[in-house]
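> So the protein lines, in turn, are chains A and B.
Just so we're aligned, residue 1 is where the first sequence starts under our numbering, counting upward by one.
Just so we're aligned, residue 1 is where the second sequence starts under our numbering, counting upward by one.
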Amino acid sequence: MYWSELAWLIPIFPLVSFVLVGFLGNKLFKKIENGGYFAILMAAISCFISLMVAYEILSGGYPEGVFKQSMTWMTVPGFTFNMGIYIDTLTALMLIVVSFVATLVVIYSIGYMHEEGVKKRRYYAVISLFIGVMLGLVLASNYLQMFIFWELVGLCSYLLIGFWNTKPSAASAAKKAFLVTRIGDIMFMLGLFIFFVGFQGNLDFDYIFNNVSAFSGGNDLLTLGTFFIFGGAIGKSAQFPLHDWLPDAMEGPTTVSALIHAATMVKAGVYLVARSYPVMVHTPDTMLIVAIIGGFTALFTATMALNNPNIKRVLAYSTISQLGYMFLALGTGGYLLSLDVSNAGYTAGMFHLMNHAFFKALLFLSAGAVIHAVHTEDMRLMGGLGKKLKITSTVMLFGCLSIAGFPFLSGFFSKDDILAVVYEAGEHNPLFYLLYIMALVTAFLTAFYMFRLWFMTFRGEPRDHHAYDHAHEAPKVMTGPLVILGFLALFSGLIAIFMGFMNIMVPTLVGPIEFEYVAPVDTLIETFTHWLTYLSIAAGLGGIFVAYMYYDRKAWNPDVYVATPARRKIYDILLARYGFTAAYDWIGLKVVYGVAKVVDWIDRKIVDGIVNGFAKVTVKLGNFLRKGQTGFVQSYAALVIAGVSIIVILLFLFGGVI
Amino acid sequence: MIAIEYFIGLSAILFVIGAVGVLTKKNAIVVLMCIEMMLNAANINFVTFSAFSGNLNGMVFALVSIAIAAAEVAVGLAIVLNLYKTRDTIGLDEINLLRW
């Protein structure tokens, strides 16, 4: 018996929790946190199975390496749709990340959502559903099944972002998240149509990955297909130009943000690209687009985080930026693979995904603890909280150091890997040198804004004494998950390297390229003997130093940047997200609404007009003819006689009868 | 022997007089009488053709027609009587129940 055979149970437990808490919660769980503990229990069980399955697959415990299980779902003449489970190393990694982070988030929620009252039931129900469908997405054995869960993930994000749905900004943020990601979903669907046609109606991963050459329709169509698949990832992972929903999504509870950013929603996009790798590496153009969009998004959104005063928004921009890194790594790696160059792009991207899950969950949950303490998200009202929130400030420091790429912490290794791969790709296409510079600048900016956040929140003098006086450390149920995540943020990189992550997490089924075995110690030695590494360390430390000078020592004054109107303008542009929000609104209001108005006019006036016109003419004609009905029998008789007479006369004249 | 044209001419004159009466008279009883006149114009034709062709069919038709006319008058007069009872008039220009 293998644990993998139980893998189908993994999404079932959270879904059971969703059904029980959601529909019977008022009866069953009224006394016990409105179902919170039950949700934890179910998440923990599926987390346990996930970890067992992942261990089995990653350690090679399952003899064939990839566990496949599927059954016929429905048969349409000509096609058969399957439902099943597909577990390879990528799935295993995602299982660890999703189930583990999600379980911690639910535990943390007990403390964070404590004061929500009966609304908690809805919260725990939907969050269970969210975890369940995300695990289902990860485990899916074909694109169609994945797409179903993909849509459900979108639905859950809508429900959770709009949790405080009586607040207009939350409601509109939820709508925005749903609609903007829907654009990506449509592209994903187009990609699936192309795949469906090209692969003779078979969407199973197993079939597609082993038969990429069987794609009918030529390479151009395949490129288009993979591009559209990536389009789905753009929407879900909030990449440029569909990035704008994620900062707004901060309207939801902080725990939801942590879940969306670390484990579920936005990671689904990265997972999709990584999952489609065996197909995508056959289309270098798509891979190049992935890399460019990733690299550009990383830098672009990092700049928006530079001056934002909202603690959660800064983290949101940071997520988009880090996701950009992942796409940059995947795209670059795939591009190199399509040129038959063995490289670590895929590994680096997935490595960063894992590390990011831990430290971003940590950062969000710490931010949640801060918000819990001072009841504001505005960093300008914080300051000096380090003295009061000792645990939170410490673990958040670990998170910040990790994301900033401080040597030996988890974020450092994966970010360094990504930078190295991109630099390496420059040999084959000079464009990657540009992307490398962008990524390096992003690393600097990341370090800067993360430490700006940390210094503004925890150091210096309290700026709002009222908030400061009421601040208190979060309860144990919240700090517990924080400490676990803090430990992982520090060491997940080193642990993974020593457990041979580099050798396990290589793309399977991508052709004749051999990935050579690297000993963990060699990885470390190679890392620290290469000059590139010192460049990225310098970028990270430089960012930290600049933030220190501005916001902790106050040796430099950040206000000089807004001293003149011209500089102030740049500041405002960054705050206004380069006008993207306004542009979306403008497009929505003027263009879409305008088109809708024109269409509405055509429908009302022309389409309806023709139909109504016919009816009107008929009625008019009827009214006119009605006058002929006098009701006098003599006039009818006169008509008859007149008619007969006319017929007789006509017969007489032309008929030749008489 | 009198030429056939005279008979047909008489019949035509009678028929037109009857038809004009039907169309113009306001009194329902007069209208019924005019209908009788039109029927009799037709009967004259029947008898004439029968006599001129040496075939009795026309005579039989005339008899049938007279019988039916008698029955029709009975029904017609009954309707007129009822009309008079319910609406106090037999003027056809006042009876327009089926009008729009």
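Where a beta carbon is used, it is the ideal one built from N, C-alpha and C, also for glycine.
Following the continuous alpha helix (DSSP H) through residue 542 of chain A, name the residue where it begins and the one where it ends.
531-547 is the span of the alpha helix (DSSP H), which, as asked, contains residue 542 of chain A.
> Can you tell me the Cα-Cα spacing of residue 334 of chain A and residue 416 of chain A, whole angstroms?
Distance between the alpha carbons of residue 334 of chain A and residue 416 of chain A: 18 Å.
> Have a look at residue 44 of chain A and residue 590 of chain A and give me their C-alpha separation to the nearest angstrom.
Computed Cα separation, rounded: 49 Å.
> Chain B beta carbons: is any one of them nearer than 9 Å to that of residue 643 of chain A?
Not closer than 9 Å to any Cβ of chain B, the Cβ of residue 643 of chain A fails to qualify, so no.
> Starting from residue 82 of chain A, follow its DSSP beta bridges and name the residues at the other end.
Looking at the DSSP assignment, residue 82 of chain A forms a beta bridge with A:72.
> Given a cut-off of 9 Å, decide if residue 364 of chain A and residue 496 of chain A are closer than it, judged by their beta-carbon atoms.
For residue 496 of chain A and residue 364 of chain A, no; Cβs fall outside 9 Å.
> Suppose the cutoff is 8 Å on Cβ atoms and the five residues either side in sequence are ignored; what does the same chain contact list for residue 12 of chain B look like?
Cβ within range, chain order: 41.
> I need the DSSP call for residue 49 of chain A, collapsed to helix, strand or coil.
Helix.
> Just to confirm the assignment: which complete alpha helix (DSSP H) runs, minimum length 4, are found wholly within the region 255-299 of chain A?
265-275 and 277-280, all fully within the region 255-299 of chain A.
> Answer yes or no: does any C-beta atom of chain B fall closer than 9 Å to that of residue 633 of chain A?
By this cut-off, residue 633 of chain A is an interface position.
> Among the residues of its own chain, which have a CB less than 7 Å from the CB of residue 426 of chain A, if the five just before and after it don't count?
Same-chain partners within the cutoff: 432, 433 and 436.
> Relative to the C-alpha of residue 254 of chain A, which residue among A:187, A:19, A:291 and A:105 is closest?
Looking at the Cα atoms, A:105 is the closest of the given residues.
> So, using beta-carbon positions, are residue 326 of chain A and residue 306 of chain A closer together than 9 Å?
It is not a contact, given that the beta carbons lie outside the stated cut-off.
> For the alpha helix (DSSP H) containing residue 42 of chain B, list its first residue and its last residue.
Its alpha helix (DSSP H) spans residues 28-53.
> CB residue 108 of chain A to CB residue 482 of chain A, shorter than 9 Å?
Contact flag set, yes.
> Quick check: the Cα distance between residue 468 of chain A and residue 309 of chain A, rounded to an integer number of angstroms?
Between residue 468 of chain A and residue 309 of chain A, the C-alpha separation is close to 17 Å.
> In chain order, what residues of the region 615-634 of chain A put their CB closer than 7 Å to some CB of chain B?
Per Cβ criterion, the list reads 626, 629, 630, 631, 632, 633 and 634.
> Work out the CA separation of residue 656 of chain A and residue 57 of chain B for me, nearest whole Å.
Cα to Cα, the separation comes out at about 27 Å.
> Counting only C-beta atoms, is residue 19 of chain B closer than 9 Å to chain A at any point?
True, the Cβ-Cβ gap to chain A drops below 9 Å.
> Compute the Euclidean distance between the alpha carbons of residue 79 of chain A and residue 199 of chain A, then round it to the nearest angstrom.
Near 11 Å, if we compare the C-alpha coordinates of residue 199 of chain A and residue 79 of chain A.
> In chain A, which residues lie with their C-beta within 7 Å of the C-beta of residue 92 of chain B?
Under the 7 Å cutoff, chain A gives 632, 633 and 634.
> Name the one or two DSSP bridge partners that residue 87 of chain A has.
Answer is A:67.
> Quick one: give me the first and last residue of the alpha helix (DSSP H) that residue 141 of chain A is part of.
Run containing residue 141 of chain A: none; DSSP gives neither H nor E here.
> Leaving out the 5 sequence neighbours to the left and right, which residues in its chain are closer than 8 Å to residue 32 of chain B when beta-carbon positions are compared?
73, 76, 77 and 80.
> Would you be able to state if there are at least three C-beta pairs under 8 Å between the region 135-145 of chain A and the region 198-216 of chain A?
The answer is yes - the region 135-145 of chain A touches the region 198-216 of chain A, with three or more Cβ pairs under 8 Å.
> Rounded to whole angstroms, what is the Cα-Cα separation between residue 358 of chain A and residue 223 of chain A?
Roughly 34 Å between the two C-alpha positions.
> Excluding sequence positions up to five away, which residues of its chain have a Cβ less than 7 Å from the Cβ of residue 520 of chain A?
Here the set comprises 497, 498 and 500.
> Could one say the Cβ of residue 27 of chain B lies closer than 9 Å to chain A's Cβ atoms, at least one of them?
So, not an interface residue.
> Within the same chain, show all residues whose beta-carbon is closer than 6 Å to that of residue 269 of chain A, passing over the 5 residues directly before and after it, in chain order.
Correct list, in chain order: 233, 236 and 237.
> Anyone know if the C-beta pair for residue 172 of chain A and residue 135 of chain A falls short of 9 Å?
Cβ atoms of residue 172 of chain A and residue 135 of chain A: not closer than 9 Å.
> Which residues in the same chain as residue 141 of chain A place their Cβ atom closer than 8 Å to its Cβ, once the five residues preceding and following it in sequence are excluded?
Same-chain partners within the cutoff: 68, 69, 70, 82, 83, 84, 85, 86, 204, 205 and 206.
> Between which two residues does the alpha helix (DSSP H) containing residue 250 of chain A stretch?
Note, residue 250 of chain A: premise wrong, no alpha helix (DSSP H); not H, not E.
> Restricting to runs no shorter than 4 residues, where is the alpha helix (DSSP H) found entirely within the region 211-240 of chain A?
DSSP runs (the alpha helix (DSSP H)) wholly in the region 211-240 of chain A: 218-236.
> In this structure, does DSSP put residue 132 of chain A in helix, strand or coil?
If DSSP states are grouped into helix, strand and coil, residue 132 of chain A belongs with the helices.
> Taking one C-beta from the region 443-461 of chain A and one from the region 397-413 of chain A each time, how about it: are there three or more such pairs within less than 8 Å?
As far as the Cβ criterion goes, the region 443-461 of chain A touches the region 397-413 of chain A, which means the pair count is three or higher.
> Suppose only complete runs of 4+ residues qualify. What are the alpha helix (DSSP H) ranges in the region 170-215 of chain A, listed by chain order?
Here the runs fully enclosed are 205-210.
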